[in-house]
Amino acid sequence: MSETRARTSPGRPLFTVAEVGRLTGAEVVGQREPAGTRAGDLVLTGVEVDSRLVRGGDLFCALPGERVDGHAFVGAAFDRGALAALVSRDPPTPVGPGRVLLRVPDVLTALGRLARYHRDRYSLPVIGVTGSVGKTTTKDLVASALGATKRVLKNQGNLNTDIGLPLTVFELGPEHEIACLEMGMRGPGEITRLALIARPDIGILTNIGPVHMELLGSLEAIAAAKEELLESLPRNGSAVMNADDPLVAGMADRHRGRLGRVVTYGLDVPADITATDIDGKDSAGVRFRGVLPQGSGLGEGDLGFFSVPLAGRHIVSNALAAVATALLVGLGADDIRRGLMRPDLSAMRQETFTAGGVLVINDAYNAGPASMAAAVKLLEDTRSRRGGRAVAVLGDMLELGDLSEPAHRELGRAVTAAGIDYLVTVGPRSRDTATEAVLFGFDSARVTHFDGERAVEDAARAVLGLVREGDVVLVKASRGMKLERVAQRLATALRDRGTGGDGP
Numbered sequence: 003m004s005e006t007r008a009r010t011s012p013g014r015p016l017f018t019v020a021e022v023g024r025l026t027g028a029e030v031v032g033q034r035e036p037a038g039t040r041a042g043d044l045v046l047t048g049v050e051v052d053s054r055l056v057r058g059g060d061l062f063c064a065l066p067g068e069r070v071d072g073h074a075f076v077g078a079a080f081d082r083g084a085l086a087a088l089v090s091r092d093p094p095t096p097v098g099p100g101r102v103l104l105r106v107p108d109v110l111t112a113l114g115r116l117a118r119y120h121r122d123r124y125s126l127p128v129i130g131v132t133g134s135v136g137k138t139t140t141k142d143l144v145a146s147a148l149g150a151t152k153r154v155l156k157n158q159g160n161l162n163t164d165i166g167l168p169l170t171v172f173e174l175g176p177e178h179e180i181a182c183l184e185m186g187m188r189g190p191g192e193i194t195r196l197a198l199i200a201r202p203d204i205g206i207l208t209n210i211g212p213v214h215m216e217l218l219g220s221l222e223a224i225a226a227a228k229e230e231l232l233e234s235l236p237r238n239g240s241a242v243m244n245a246d247d248p249l250v251a252g253m254a255d256r257h258r259g260r261l262g263r264v265v266t267y268g269l270d271v272p273a274d275i276t277a278t279d280i281d282g283k284d285s286a287g288v289r290f291r292g293v294l295p296q297g298s299g300l301g302e303g304d305l306g307f308f309s310v311p312l313a314g315r316h317i318v319s320n321a322l323a324a325v326a327t328a329l330l331v332g333l334g335a336d337d338i339r340r341g342l343m344r345p346d347l348s349a350m351r352q353e354t355f356t357a358g359g360v361l362v363i364n365d366a367y368n369a370g371p372a373s374m375a376a377a378v379k380l381l382e383d384t385r386s387r388r389g390g391r392a393v394a395v396l397g398d399m400l401e402l403g404d405l406s407e408p409a410h411r412e413l414g415r416a417v418t419a420a421g422i423d424y425l426v427t428v429g430p431r432s433r434d435t436a437t438e439a440v441l442f443g444f445d446s447a448r449v450t451h452f453d454g455e456r457a458v459e460d461a462a463r464a465v466l467g468l469v470r471e472g473d474v475v476l477v478k479a480s481r482g483m484k485l486e487r488v489a490q491r492l493a494t495a496l497r498d499r500g501t502g503g504d505g506p
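Add 2 to a position in the sequence shown, counting from 1, and you land on the number used in our numbering.
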């Protein structure tokens, strides 16, 4: 998998080998010794796809990957204590006697079947979260709001795919009272498949944007793929939807007659819950008053102020989704308020640190046009309150298709209009950002572009050469750019600089 993942739950009996065979149609092609121990009686206490994370008692699922094939690591998984391996063919290296291999036509399909069976063991509410931008932050805020009074299971990071979501579901145990599961999408039908595993009762749809435009071709196709979450909800299910997004608002109208409840949230248009008195123009966070207007599906009245230690107007929208969902589940405003004040956030989403007197905002996990614009606005606001100079380190926004060039050029204009002091761009697509910024009036002497194999390292070195105490640095790009390495280098070098070390 593409990110480091920790194993969080204690090993507990999940399946016997015989159950795995029955649920997946697997053929047992290896036999465990010593004599007298039937392979089918073996009890599996975990499911893993990364041989490095295998624990004793696991079922190892040998998935083919973009760069490596899990079948090549079956032996390593057994060496680490796996009791059985789910495979679609024989491993390239014989694994030796006493090793149980379960052969299926497709390991990924089998993984999903096992996860669905495990989810069905528990009768608890499940919340599904999707959208083009903000779904991970929304998932984290929903889980934090609910966590004030409930034991919540949520995806780590963005383990939201047909691999990551099943692995999250396997963490489900009797201690959990509710689950909040992010669902990603790279094509039609994917959210439907994830919903068949998770069986959500509540669906949250944050927005529709050009993320994955390269894969789906149009905003309408992206909207249809995201709408699969709503279509998968039971008739008595509930939807929480962003009224500020016209495509999402249209879906809300379509599903009102089918679902039990459809609740909207918004800042700019009438909605069931909205926010007033918004305060928060720097990296310290936002504060807003939650309001249920007359006729709201959530009741009526003033909910009081909520504070979230994340910055930007877009965070208020994410937080409103969390408040609406928690109200639907039955929490009171005071409990929600307490949960949102201490959110458990996924890595590289507005992580801030100060080193050598320089404030760094590491928002490098992902990026699209809307989130980039919001991040630039956050940088502008933070600089205006804090003082110092604003440095934007921006990398490519990926998978935008035909919108890539205009989106990167628009970003260049936005950076210039915001009065950012220095612009450092990384990656082939971001050259358009740098070029457009200069054309729009950005001082070319303060714009630097890097491309090629050492682009990230060169960008980090350039930023270190220009920042000084009091400056603010924003680091943001699509995940594939790995721009978090710039933030990591800055953290190390600036701290060394502050303590008299040599730095990198």
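Every residue, glycine too, gets a C-beta built ideally from N, C-alpha and C.
Legend entry - Of the listed residues P236, I275, T138 and S53, nearest to L261 (C-alpha basis): P236
Inset, instruction - Return the chain-ordered ranges of every alpha helix (DSSP H) run that is complete within the region 205 to 283 and spans a minimum of 4 residues. - result: 215 to 218, 221 to 234 and 248 to 257
Legend entry - Helix, strand or coil at S406 [DSSP, three-state]: helix
Inset, instruction - Please determine, among P99, A324 and V70, the residue with the shortest C-alpha to C-alpha distance to L342. - result: A324
Legend entry - Whether G268 touches A372 by CB criterion (8 Å): no
Inset, instruction - Tell me, please, which residues DSSP counts as bridged to V30. - result: L104
Inset, instruction - Return yes when the Cβ of I193 is within less than 8 Å of the Cβ of L65, no when it is not. - result: no
Legend entry - Stretch-stretch touch, CB-based, cutoff 8 Å, three pairs: the region 437 to 446 with the region 457 to 476: no
Inset, instruction - Tell me the start and end of each unbroken alpha helix (DSSP H) in the region 117 to 179 that is at least 4 residues and wholly inside, in chain order. - result: 137 to 148 and 166 to 171
Inset, instruction - Tell me whether the beta-carbon of E179 lies closer than 8 Å to the beta-carbon of K152. - result: yes
Legend entry - Limits of the unbroken beta strand (DSSP E) element including R344: Neither: R344 is in no beta strand (DSSP E) and is coded neither H nor E.
Legend entry - DSSP beta-bridge partners of G299: G301
Legend entry - Element boundaries [alpha helix (DSSP H), containing A326]: R315 to V331
Inset, instruction - Please determine if the region 76 to 92 and the region 13 to 33 are in contact, where contact requires at least 3 C-beta pairs separated by less than 8 Å. - result: yes
Inset, instruction - May I ask you to list the residues that DSSP assigns as paired with E353? - result: N364
Inset, instruction - Would you give the residue range spanned by the beta strand (DSSP E) that D60 belongs to? - result: D60 to C63
Legend entry - Simplified DSSP state of P36, which is helix, strand or coil: Because P36 carries a pLDDT of 40, less than 50, the predicted location of this residue cannot be relied on, and the following value inherits that uncertainty. In this structure, P36 counts as coil in the three-state DSSP scheme.
Legend entry - Helix, strand or coil at T494 according to DSSP, with G and I counted as helix: helix
Legend entry - Pair within 8 Å by beta-carbon distance, G282 and N209: no
Inset, instruction - Go ahead and label V242 buried or exposed: buried means 16 or more other beta carbons lie within 10 angstroms of its beta carbon, across all protein chains shown. - result: buried
Legend entry - D92 in three-state terms, based on DSSP: coil
Legend entry - Secondary structure, alpha helix (DSSP H): runs of 4+ residues fully inside the region 384 to 436: 406 to 419
Inset, instruction - Let me know the secondary structure DSSP gives E486 once reduced to three states. - result: helix
Inset, instruction - Enumerate in chain order the residues of its own chain whose CB-to-CB distance from T327 is below 7 Å, with the five nearest sequence positions on each side excluded. - result: I129, V144, I204, I206 and V242
Inset, instruction - Spatial neighbours of L347 within its chain, please: CB distance less than 7 Å, with the 5 preceding and 5 following residues excluded, ordered by chain position. - result: D142
Inset, instruction - Apply the 10 Å Cβ neighbour rule to A447 and answer buried if 16 or more other Cβ atoms are within range, or exposed otherwise. - result: exposed
Inset, instruction - State the start and end residues of the unbroken beta strand (DSSP E) segment that holds F452. - result: V449 to F452
Legend entry - Proximity to L492 [Cα-Cα], best of M483, G482, R481 and V477: V477
Inset, instruction - Counting only the same chain and skipping the five closest in sequence on each side, list residues whose C-beta sits under 6 Å from that of P190. - result: A227
Legend entry - DSSP three-state assignment for D71, whether helix, strand or coil: strand
Legend entry - Outcome for G77 when other beta-carbon atoms lying within 10 angstroms are tallied against a minimum of 16: buried
Legend entry - Identity of the residue in L312, N244 and L148 nearest D270 by Cα: N244
Inset, instruction - Express the C-alpha separation of H316 and E353 in angstroms, rounding to a whole number. - result: 16 Å
Inset, instruction - Drop a sphere of 10 angstroms on the beta-carbon of G83, count the other beta-carbons inside from all chains shown, and report buried for 16 or more, exposed for fewer. - result: exposed
Legend entry - Assumed close pair G59, G100 - CB separation to whole angstroms, cut-off 8 Å: That pair is no contact at about 15 Å.
Legend entry - Where E438 falls, given that 16 or more other Cβ within 10 Å makes a residue buried: buried
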